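Below is one structure, written out as structure tokens, with a few remarks after it.
There are 2 protein chains.
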Amino acid sequence: MARAGLTPERVVARGAELADEVGLERLTLAMVAQAFGVAQPSLYKHVRGLDALLQQISALATAELADALADAAAGRARGDALRAAATAYRAYATAHPGRYAATQRVPDPADPAHVAAGERAVGAIAAVLRGWGLDGDDAIDATRALRSALHGFVTLERAGGFGMPQSVDRSFDQLVAALEVALAAWPAPA
Amino acid sequence: MARAGLTPERVVARGAELADEVGLERLTLAMVAQAFGVAQPSLYKHVRGLDALLQQISALATAELADALADAAAGRARGDALRAAATAYRAYATAHPGRYAATQRVPDPADPAHVAAGERAVGAIAAVLRGWGLDGDDAIDATRALRSALHGFVTLERAGGFGMPQSVDRSFDQLVAALEVALAAWPAPA
DNA sequence: GCCTTTCAGCTATGAGTCTTAGCTACGTGA
DNA sequence: TCACGTAGCTAAGACTCATAGCTGAAAGGC
């Protein structure tokens, strides 16, 4: 029997594709194995198990998202950077729902690349805020607010939480515009 | 063998408690059955299956959350109502993580009580916004923004997404204050 | 060119999940 | 008191992840 030529990287990449297609929570080792035309236990030669596979998909996705955010914000400032990064964030979550869901897993401290990717992603958002001169605790608060708004919007959108027929695109534009208003006044008066 | 006295309501209630303890995604029928001292297939006399149980936990939780939001906002207006509702939202998600996760399931159109609970929850948030005189598409956009910010914050918080040591409580207060700023300027200028 | 070693992928197996089928005996209504 | 409905049971099947141990293809040393 000819070898299938599996590698950890290929298994993770295929797993990420399948997660985007069927949803992260429905991803199964049997599915990945079938995609390679291989018996399910064979995957254990390349991945420690389902949980490890999910964690590595998370690492991959976090790195991709960080890159997308950094690319979008590069060469822009203030409102332009905010809009570009927000749009890139939503676009990634929409194009790669399974991967995006995986990014919500906390990085394994034992995986330096994963931890670094997480820091790059948060850093890309924090960098956008630097245009408003925020630092210290204010920058932390604003970063958390921005992440919350974006994450909340894309997950609600994806989950079908916006039932009304009105344009979701318009709502997103308004959300981003509102964020800009809030940032201009940050920190908000008590 | 004495009957255990199961009912659909008791099964759902116990399921919700267990979901809060172990996490919604780890809730298992075997667990619920064990909590009642009953064989696992016995549950099928009261619940159509795991997915139906999760859906009914969702209905229960959505109703509870809607009540909590309505109670918090009752008798308050504008900033007071916003702060009270936001605090109640976060408190519910923190106290009942499993139930809160269940609220993200889209209501089954065939379950009118569930649909109504969802509308009550969204309506409670929309009612808060009425203090700012929003209506039409603006109200929809603002409701979606508010839901996104709150949902995003509590899910990131719960998932351990706020790794920095700075106070999460303070960040939440700042988020709510920023929402108030944004609402005062709604719709934000393009 | 041959032999050895490594290891990728295999089969077999076990524990756990949800789910259905069919039985039994408890509790209730007549 | 008796019959019926049904709550909860056991048994069984299809699926999951995971481990153990085998086999044969590929790669390296001489």
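These protein sequence lines map, in sequence, to chains A and B.
The numbering used here numbers the first residue of the first sequence as 216 and each following residue consecutively.
The numbering used here numbers the first residue of the second sequence as 216 and each following residue consecutively.
By construction, the Cβ of each residue, glycine as well, lies at the ideal position given by its N, Cα and C atoms.
The structure presented is a predicted model; accordingly, all values stated were derived computationally and were not measured.
*Is the Cβ of Ser273(A) closer than 9 angstroms to any Cβ of chain B?*
Along the first sequence, read from residue 1 onward, the residue named residue 273(A) stands at position 58. No, no contact with chain B.
*Relative to the alpha-carbon of Ala325(A), which residue among Arg241(A), Gln271(A) and Gly338(A) has its alpha-carbon at the smallest distance?*
The residue you call residue 325(A) lines up with position 110 of the first sequence. Per the Cα distances, Gln271(A).
*In the structure shown, what three-state DSSP assignment does Pro256(A) receive?*
Walking along the first sequence from the start, residue 256(A) turns up at place 41. Note: Pro256(A) maps to helix in three-state DSSP.
_Where Gly220(A) falls: helix, strand or coil (DSSP)_ = Along the first sequence, one-based indexing puts residue 220(A) at 5. In the structure shown, Gly220(A) sits in coil (DSSP, three-state: anything other than H, G, I, E or B).
*Please list the partners that Thr370(B) has in chain A, where partner means a Cβ-to-Cβ separation under 8 angstroms.*
In the second sequence, counting from the first residue as 1, residue 370(B) sits at position 155. Gln319, His366, Gly367 and Thr370, listed in chain order.
*Checking contacts by CB at 9 angstroms: is Arg335(A) closer than that to chain B?*
Here residue 335(A) corresponds to residue number 120 of the first sequence, with the count starting at 1. No, no contact with chain B.
*CB-CB under 7 angstroms to Leu284(B), same chain, minus the five flanking residues each way: which ones, in chain order?*
Position 69 of the second sequence, counted from the first residue, corresponds to residue 284(B). Correct list, in chain order: Ala300, Ala303, Tyr304, Ala336, Ala339 and Ile340.
*asked:* Just to confirm the assignment: which complete beta strand (DSSP E) runs, minimum length 3, are found wholly within the stretch 245-300 of chain B?
replied: none
*asked:* With distance defined between alpha-carbon atoms, name the residue in Val330(B), Arg345(B), Arg320(B) and Asp352(B) nearest to Ala292(B).
replied: As a position in the second sequence, residue 292(B) is number 77, starting the count at 1. It is Arg345(B) whose Cα lies nearest to the Cα of Ala292(B).
*Is Gln255(B) buried or exposed, if buried means 16 or more other CB atoms sit within 10 Å of its CB?*
For the purposes of this step, residue 255(B) is taken as residue 40 along the second sequence, with counting starting at 1. The residue is exposed, with fewer than 16 neighbouring Cβ atoms inside 10 Å.
*Secondary structure at Leu349(A), three-state DSSP: helix, strand or coil?*
Numbered from its first residue, the first sequence carries residue 349(A) at position 134. Coil, per DSSP.
_On the CB-based measure, 16 or more other CB atoms within 10 Å of its CB, does Ala245(B) come out buried or exposed?_
Numbered from its first residue, the second sequence carries residue 245(B) at position 30. Flag for Ala245(B) reads exposed.
*Ser363(A) versus Phe377(B): straight-line alpha-carbon distance, rounded*: Within the first sequence, numbered from 1, the residue matching residue 363(A) stands at position 148. Within the second sequence, numbered from 1, the residue matching residue 377(B) stands at position 162. Cα to Cα, the separation comes out at about 10 angstroms.
*Mind reading off the beta-carbon distance from Gly167(A) to Gly238(A)? Whole number of angstroms is fine, and I expect it under 8 angstroms.*
Since the displayed chain A opens at 216 and closes at 405, residue 167(A) lies outside it and no answer follows.
_Cα-Cα separation, Ala289(B) to Arg298(B)_ = Position 74 of the second sequence, counted from the first residue, corresponds to residue 289(B). Position 83 of the second sequence, counted from the first residue, corresponds to residue 298(B). Straight-line Cα distance between these residues: approximately 12 angstroms.
*For Leu371(B) and Arg320(A), the rounded distance between their alpha carbons*: The count along the first sequence starts at 1 and reaches residue 320(A) at position 105. The count along the second sequence starts at 1 and reaches residue 371(B) at position 156. Cα to Cα, Arg320(A) sits roughly 10 angstroms from Leu371(B).
*For Leu390(B) versus Asp266(A), is the C-beta spacing smaller than 9 angstroms?*
Here residue 390(B) refers to the residue found at position 175 when the second sequence is read from its first residue. Here residue 266(A) refers to the residue found at position 51 when the first sequence is read from its first residue. Cβ atoms of Leu390(B) and Asp266(A): not closer than 9 angstroms.
*Please report the residue range of the alpha helix (DSSP H) in which Gly376(B) lies.*
Mapped onto the second sequence, residue 376(B) falls at position 161. Counting along the chain, Gly376(B) falls outside any alpha helix (DSSP H), and DSSP gives it neither H nor E.
*Between the C-alpha atoms of Arg218(B) and Val253(B), what's the straight-line distance to the nearest angstrom?*
As a first step, residue 218(B) must be located in the second sequence, where it is residue number 3. As a first step, residue 253(B) must be located in the second sequence, where it is residue number 38. Arg218(B) and Val253(B): Cα-Cα distance of roughly 9 angstroms.
_Per-residue DSSP class, three states only, for Ser412(B)_ = Coverage of chain B is limited to positions 216 through 405, which leaves residue 412(B) absent and any answer about it impossible.
_Thr222(A), buried or exposed, once every other Cβ within 10 Å from all chains shown has been counted against 16_ = Here residue 222(A) refers to the residue found at position 7 when the first sequence is read from its first residue. Exposed, since its Cβ has fewer than 16 Cβ neighbours within 10 Å.
*Please report the residue range of the alpha helix (DSSP H) in which Leu344(B) lies.*
Residue 344(B) sits at position 129 when you count from the first residue of the second sequence. Its alpha helix (DSSP H) spans residues Pro327 to Leu344.
*Ala276(B) vs Ala331(B) beta-carbon contact at 9 angstroms*: As a working note, residue 276(B) is residue 61 in the second sequence. As a working note, residue 331(B) is residue 116 in the second sequence. Result no, Cβ atoms of Ala276(B) and Ala331(B) do not sit closer than 9 angstroms.
*Between which two residues does the alpha helix (DSSP H) harbouring Pro312(A) extend?*
Numbered from its first residue, the first sequence carries residue 312(A) at position 97. Pro312 to Ala317 is the extent of the alpha helix (DSSP H) around Pro312(A).
*What residue from Val369(A), Ala228(A), Ala306(A) and Ala399(A) has the CA that sits closest to Gly348(A)'s CA?*
Mapped onto the first sequence, residue 348(A) falls at position 133. The option with the nearest alpha carbon to Gly348(A) is Ala399(A).
*For chain A, find out if any of its Cβ atoms is closer than 9 angstroms to the Cβ of Ser268(B); answer yes or no.*
Start at 1 with the first residue of the second sequence, and residue 268(B) comes out as number 53. Here residue 268(B) is Leu; the residue named in the question, Ser, does not match the sequence. When Cβ-Cβ separations below 9 angstroms define contact, Leu268(B) makes no contact with chain A.
*In chain order, what residues of the same chain lie with their CB nearer than 7 angstroms to the CB of Ala308(B), ignoring the 5 residues before and after it?*
Along the second sequence, one-based indexing puts residue 308(B) at 93. Non-local C-beta neighbours of Ala308(B) in its own chain, meaning closer than 7 angstroms and more than five positions away in sequence, comprise Tyr315, Val369 and Arg373, ordered along the chain.
*Compute every distance between the C-beta of Pro256(A) and the non-hydrogen atoms of the ligand FAD, then say whether any falls below 8 angstroms.*
Looking at this structure, you won't find the ligand FAD or any other ligand, since it has none at all.
*Can you say whether Gly333(B) is buried or exposed, counting buried as having 16 or more other CB atoms within 10 angstroms of its CB?*
One-based indexing of the second sequence puts residue 333(B) at position 118. By the beta-carbon neighbour count (other beta carbons within 10 angstroms, threshold 16), Gly333(B) is buried.
*Glu240(A), buried or exposed, once every other Cβ within 10 Å from all chains shown has been counted against 16*: In the first sequence, counting from the first residue as 1, residue 240(A) sits at position 25. Burial call: exposed.
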